[in-house]
Each structure stands twice: as C-alpha cells, then as structure tokens.
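Asker: Residue numbers (this note's numbering): 35 to 342.
Structure below; questions to follow.
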Ligand SMILES: [Zn+2]
C-alpha cells in the first residue's frame, strides 16, 4: 500500500533524503554524500540504493528531487555543482527502479525550498509566495496560484542574479557585475563590510580580523558597530530593492527570507521589510516579509510536495 512520499534535496556535497507520510509529516531523514565523480553519473543510483535499504518501493507514492540548477519539465538543464549536463531526472531514475507506479518529479532546489515552506513551513495556506534564500549565494523561488513557476528556461526565481548594485559592481560567479548575490548573500555582507572598512577610518573590531563571516558582521551590527551596521544596512537596502521589484510584479501574499543570513532574525528582516515597503510604495502595501521556518529541511519538504 502506498503510504510514503520521498523528498530528496541534492546538494553539491550532501544529499538529504526525507521519508514523509502522505500528509507531509516528516517520519525519518538521513544524508548521503554526493559522488560528483564521472560527471555525477552515480548520484541518482546512489539515492535509489540508499532509499531501497530503508524503504520498500511498493509503499512509495512518489519521489521528488530538488536539484541545484535550472529545471524544466523535470529535466535538469545543467548543474555545475553536480557535474551534470542535461539530465532527464525521472527517465534516469527509472532505469534503476522497477516500480512503474511511483511518481518521479524534479525541480530547482531553491524553487523547491519555497514550496516546502508553503507545504509545511512559514507560508502554509498561501498561494502566492516568493522566497529568497540568503546563503553563500542567493536563491529564489516563486509560487503563483499554488504552482511552482519554473519558466521557459528554468530561470524563474533566479532572483540572486538580478543586477541591483550599480555602485560597487562586484563580479558575480554568473559573470555579471552587481548581482543581488554579490551584496545581500552571506558573501555579499562580508563584501560590503570590507568596502566600508576601506572607505572609512572608523574603529571596528573587524579591522583586526583577516577573515570574518557574515554572522560576525551581523552580530557586531546588533552590538552597534558603525562599520558592520553600515554593511548590514546596505545589504538590507539592496535586498529591499529586489523585493520591491517582486512585490510590484507579482504582489505575493508573503515574501519569505531563508538561509543562514535570515537567522539574524527581526534585526535584519525588519530593515529589509522597511526598504521593500519604501521602494514599492504606494503599491503592494503591508506585504509581510517573514523568516522561513524549515531551515535546511525546506528543500526536502518541497521535493516531497512535488509528488504529494
Ligand atoms: Zn549573478
């Protein structure tokens, strides 16, 4: 009897696998390492075997995958972090699986994280949701009328690569300059702190550190450090501009902020919300900007949601 959904979040170093009941309750989760050798050709087989060791496939209704790259119609177009070129995820996975009646679906990991938050997290019951995930980079996910939007080339929700900073024009890993990701990710906050350190002589504990994290900058900003506060205010300003663009194009019910940077809590989110409000005024009033609640599990929940 079908009683489980599987949600699989494929990352560049680890793969998170979640076993859910049909209502989306997480029953069990575990990680396996990502084998990127031979262009990641063993990744899906490794997942099949890892699941087979714990779950009987005839009890599985479906398995959903979040993959780190653009996806259209369940086909990954390129995943640099996995070594993948074009991979038809369901067709490839079915080569290992003899059960025809198991649904197999795939979508982009950041998009899937957004649906995870709609399924069981901070946006339960909402049909129009945009999520920004602020980690090393910036991921985005867009849900419209309850449906995940992939777009024509799988590029929907690539919010981290909105060009938004025309002042510092920092080179992004996508090849452009001034992407949101260069100023509002964890890396971006560090970038901005370094810029403020160079352009001012104000004292700051950051001056004596050769290396520091975004968390350090956020903690110092909370404690009133002028340099750190300027960097965080700038990061919030840039993110506010990007969110305002989203508010004015989609008018979602809620905007979620996830990823490590969101752990700074209301201190950061309130600044972002004020800027988003300012830049989208007088339209799209009072759209809540909330922290995501599922953390690193959002991708797993969202992947399971693909086959609910
Ligand atoms: Zn970029």
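Ideal placement from N, C-alpha and C gives every residue a C-beta, glycine not left out.
What three-state label does DSSP hand residue 123 in the structure shown?
Answerer: In this structure, residue 123 counts as helix in the three-state DSSP scheme.
Asker: Rounded to the nearest angstrom, how far is the Cβ of residue 164 from that of residue 158, given a contact under 8 Å?
Answerer: The Cβ separation is near 16 Å, so there is no contact.
Asker: Is residue 309 near ligand 1, judged by its Cβ being under 6 Å from some heavy atom?
Answerer: Incorrect: residue 309 has no Cβ contact closer than 6 Å to ligand 1.
Asker: Should residue 195 be counted as a contact of ligand 1 given a C-beta to heavy atom distance under 6 Å?
Answerer: Yes, since a heavy atom of ligand 1 falls inside the 6 Å radius drawn around the Cβ of residue 195.
Asker: Any heavy atom of ligand 1 within a distance shorter than 6 Å of the CB on residue 203?
Answerer: For ligand 1, not one heavy atom lies less than 6 Å from the Cβ of residue 203.
Asker: Under 6 Å: does the beta carbon of residue 63 sit that close to some heavy atom of ligand 1?
Answerer: Incorrect: residue 63 has no Cβ contact closer than 6 Å to ligand 1.
Asker: Kindly indicate which three-state DSSP category residue 159 falls into: helix, strand or coil?
Answerer: DSSP places residue 159 in coil when its eight states are reduced to three.
Asker: Let's test the definition: count the other Cβ atoms within 10 Å of the Cβ of residue 233 and tell me whether it reaches 16, buried, or not, exposed.
Answerer: It counts as exposed.
Asker: Let's test the definition: count the other Cβ atoms within 10 Å of the Cβ of residue 64 and tell me whether it reaches 16, buried, or not, exposed.
Answerer: By the 10 Å Cβ count, residue 64 comes out exposed.
Asker: Considering only the alpha carbon of each residue, which of 307, 148, 131 and 266 lies closest to residue 219?
Answerer: If we check each option's Cα against that of residue 219, 266 comes out closest.
Asker: What are the boundary residues of the beta strand (DSSP E) that includes residue 6?
Answerer: With the chain represented from 35 up to 342, any question about residue 6 goes unanswered, as that position is not in the structure.
Asker: With respect to the beta strand (DSSP E) encompassing residue 133, which residues constitute its N-terminal and C-terminal limits?
Answerer: Unbroken run through residue 133: none, as it is neither H nor E.
Asker: Return the residue from the list 282, 242, 299 and 229 that minimises the CA-CA distance to residue 256.
Answerer: With distances taken between Cα atoms, residue 256 lies closest to 299.
Asker: State the Cα-Cα distance for the pair residue 110 and residue 103, rounded to the nearest angstrom.
Answerer: Rounded to the nearest angstrom, the two C-alpha atoms are 7 Å apart.
Asker: In whole angstroms, give me the CA-to-CA distance for residue 250 and residue 325.
Answerer: One C-alpha to the other measures close to 19 Å.
Asker: Reducing DSSP to helix, strand and coil, say where residue 210 ends up.
Answerer: Three-state DSSP puts residue 210 in coil, outside helix and strand.
Asker: For the pair the region 86-96 and the region 170-187, tell me if three or more CB-CB distances fall below 8 Å.
Answerer: They do not touch, by the three-pair rule.
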